[in-house]
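*Asks:* Pasting a structure here, questions to come.
In the working numbering, the protein residues as written are 2 to 131.
Here it is, written out as structure tokens:
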């Protein structure tokens, strides 16, 4: 990774860490696997919650946006490829912010030289939390 890419990633992480004190949870599809509970016919939750911290939540007249540094998101999802991370975010059930559930409408990846440094998720309130 070039020096410019490293600095962009570190700067995004420092910005979100200093200005974003929020913790949110992504509701992701649970990994499929053969467990004793599955064999007994006990249906486990189809979702797992992945905590993200620090994140920056921005609310404006246009809606709510969630900013997460690539460093935090890649570590939380155990993924390094930006396309895989974007696909995972598009497949997530929603995001919990202070107990309110929101859907992910769109995901933007900010990159320098093809290396992601920041993810921006455009969120929409669910009917029950609006």
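Cβ atoms here follow ideal geometry from the backbone N, Cα and C, with glycine treated the same way.
Assign residue 19 to one of two classes, buried (16 or more other C-beta atoms within 10 Å of its C-beta) or exposed (fewer than that).
*Replies:* exposed
*Asks:* Would you tell me roughly how many angstroms separate the C-alpha atoms of residue 59 and residue 17, rounded to the nearest one?
*Replies:* 11 Å
*Asks:* I'd like the list of long-range same chain contacts for residue 113, defined as Cβ closer than 7 Å, with 5 residues on each side in sequence excluded.
*Replies:* 5, 6, 9
*Asks:* From the DSSP output, which residues share a beta bridge with residue 32?
*Replies:* For residue 32, which the question treats as bridged, DSSP gives no partner whatsoever.
*Asks:* Terminal residues of the continuous beta strand (DSSP E) containing residue 53?
*Replies:* 48-61
*Asks:* Nearest-angstrom Cα distance between residue 127 and residue 29?
*Replies:* 16 Å
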